[in-house]
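A.B. asks: Quick note on our numbering: the sequence shown kicks off at -19 and runs consecutively. A single structure is presented below for examination.
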Amino acid sequence: MNVLILGAGGREHALSWKIAQSELLTKLFIAPGNAGTLELGTNVMLDPNDFEAVKKVVLKNNIELVIVGPEDPLVKGIHDFFLNDETLKSVAVIGPEKYAAQLEGSKEFAKEFMSRHHIPTAAYKSFTSQNLEEGYQFLETLNKPYVLKADGLAGGKGVLILNDLQEAKDELKEMLTNQKFGAASSKVVIEEFLDGIELSCFVLTDGKSYVNFPNAKDYKRIGEGDIGLNTGGMGAVSPVPFADDDFMQKIEERVIKPTIEGLQKDSIPYKGFIFFGIIKVGNEPKVIEYNCRMGDPETEVVIPRIKSDLLELLIAAGQNELHTKTINFEEDSACTVMLVSGGYPEAYEKGKEIHGLEKVKNSIAFHAGTTIEKNKIITNGGRVIAITSYGNNFRSALNQSYQNIEKISFDKMNFRTDIGFDL
Ligand code: AMP
Ligand code: GLY
């Protein structure tokens, strides 16, 4: 089977790496891909949000399965575009249709879904510029810190957590009346602050059955000790040591099963990944967010721990046959450390030559933001390379990654030396 993966990051390199190992694969295409995916298949230069360009590539190369890496094309309706096109509708698309992608694309939609299906989450109310005054009053009923979330996609920046009531009111006004996050903040969800430790859980579903993937924890902030600006993710660990069998059982019973059953009760078709952002409050799981895709850098530790043939599972999901499949994991831990461009997540430079990748031993270098120019691998993004390693436990896996990182360099390279510090 010919497969197309849409996206250009570490997540897409990790998916490519795994799918390239499948005997069911004939040819792999990645669009646009990066210098890492180039070694596993054919990179095709296009923007995944340009659906007509995707269509051309699919038809020209007899693609039978498309995996949508990032959320944007899903929220914009790429799956619906395939279903509504006579020449594309037999192609399996991994990633939900536009309506279901609102689980990620609209915080309010996700909150309403959770409340309808009794899935534990923070108490909330949503507001627009029409009822700003009620928003102020609601804030007055809450204790600090105050959690304000832009309803729509805001590139991971749309959540504000504020300690001061007046500041929370001012920010609410900025979001609703001055479009602080553009159209994404024309509606704002205000919710109860949850105090706990976070982890990410993932399933692949055909809308009726699902298989659990390994869980993971990512480190979002740029600074050591998890402080400073939010990034796409600076590292990740799988499995999550504090999520014991008991706790995972609670997540399955209270969150995962009710979500899949909720989709069915609401007659919402869903083929693809569901990413559950969970917070452990005391010993109870609560959902912080849904994403309609795999996480990045979580994918770079989750996928390496899957022993089963991922392509076989994806094909089964496409054919509503997931109930016939099971999934096996590596016992070992996997950890990843992200090498980023100096300055990221603020302004940074691209085009720096990356040295030493050929010296990496017993780790996998998943490319996140790289490209090739004149036969040299150069930086092409804020997050550049994720170094993933296995170990008997997360500490030995991390040691392995840090040893290999010593061998890699590029101008202004930065990374966190404390991934897993809190575990
Ligand atoms: P989200 O985009 O909804 O995942 O939120 C981004 C981050 O904000 C999460 O990963 C949490 O660290 C934090 N966060 C979101 N909602 C809450 C909440 N209700 N209580 C505490 N922290 C939260
Ligand atoms: N690492 C968090 C995300 O992919 O949203």
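Cβ coordinates follow ideal geometry from the N, Cα and C atoms, glycine included.
What do you reckon, is the C-beta of I404 under 7 Å from a heavy atom of ligand 1?
C.D. replies: Residue 404 falls outside the range modelled here, since the chain spans only -19 to 403, and no answer is possible.
A.B. asks: Beta-carbon within less than 6 Å of G132's beta-carbon, same chain only, minus the 5 sequence neighbours each way: which residues are those?
C.D. replies: Same-chain partners within the cutoff: A164.
A.B. asks: Give me the Cα-Cα distance between T368 and L63, rounded to the nearest whole angstrom.
C.D. replies: Computed Cα separation, rounded: 36 Å.
A.B. asks: Does the Cβ-Cβ distance between D276 and G212 come in under 8 Å?
C.D. replies: In contact: D276 and G212 (Cβ atoms closer than 8 Å).
A.B. asks: With DSSP run on the structure shown, which of helix, strand or coil describes T101?
C.D. replies: Of the three classes helix, strand and coil, the one that applies to T101 here is strand, per DSSP.
A.B. asks: Which of helix, strand or coil does DSSP assign to A297?
C.D. replies: Helix, per DSSP.
A.B. asks: For N379, is the beta carbon positioned less than 7 Å from some heavy atom of ligand 2?
C.D. replies: Because no heavy atom of ligand 2 lies under 7 Å away, the Cβ of N379 does not count as near it: no.
A.B. asks: Considering only C-alpha positions, which residue in the set L174, V220, A148 is nearest to S180?
C.D. replies: Looking at the Cα atoms, V220 is the closest of the given residues.
A.B. asks: Ligand 2 and E44: does any heavy atom of the ligand fall closer than 7 Å to the residue's C-beta?
C.D. replies: Result no, Cβ not under 7 Å from ligand 2.
A.B. asks: Go ahead and pull the three-state DSSP assignment for A327.
C.D. replies: Coil, per DSSP.
A.B. asks: Closest to K332 by C-alpha separation, out of E278, L140, A81, D391, would be which residue?
C.D. replies: Comparing Cα-Cα distances from K332 to each of E278, L140, A81, D391, the minimum goes to D391.
A.B. asks: Who pairs with N(-18) in a beta bridge, going by DSSP?
C.D. replies: DSSP output for N(-18) lists I43 as bridge partner(s).
A.B. asks: Out of P100, V(-17), G(-11), N(-18), state which residue places its alpha-carbon closest to the alpha-carbon of T350.
C.D. replies: Here the closest residue by C-alpha is G(-11).
A.B. asks: Using a 10 Å radius around the Cβ and a threshold of 16 neighbouring Cβ atoms, would you call S95 buried or exposed?
C.D. replies: S95 comes out exposed.
A.B. asks: For K197 versus Q244, is the C-beta distance shorter than 8 Å?
C.D. replies: Taking 8 Å as the Cβ cut-off, K197 and Q244 do not qualify as a contacting pair.
A.B. asks: Starting from H59, trace the beta strand (DSSP E) in both directions and tell me its first and last residue.
C.D. replies: It is not in any beta strand (DSSP E) - H59 instead sits in the alpha helix (DSSP H) that spans 58 to 63.
A.B. asks: Please confirm whether any heavy atom of ligand 1 lies closer than 7 Å to the CB of E84.
C.D. replies: No, ligand 1 has no heavy atom inside 7 Å of this Cβ.
A.B. asks: CB L293 to CB V(-17), shorter than 8 Å?
C.D. replies: No, the Cβ-Cβ distance between L293 and V(-17) is not below 8 Å.
A.B. asks: Using the C-alpha atoms, what's the distance from K149 back to I(-1)?
C.D. replies: One C-alpha to the other measures close to 48 Å.
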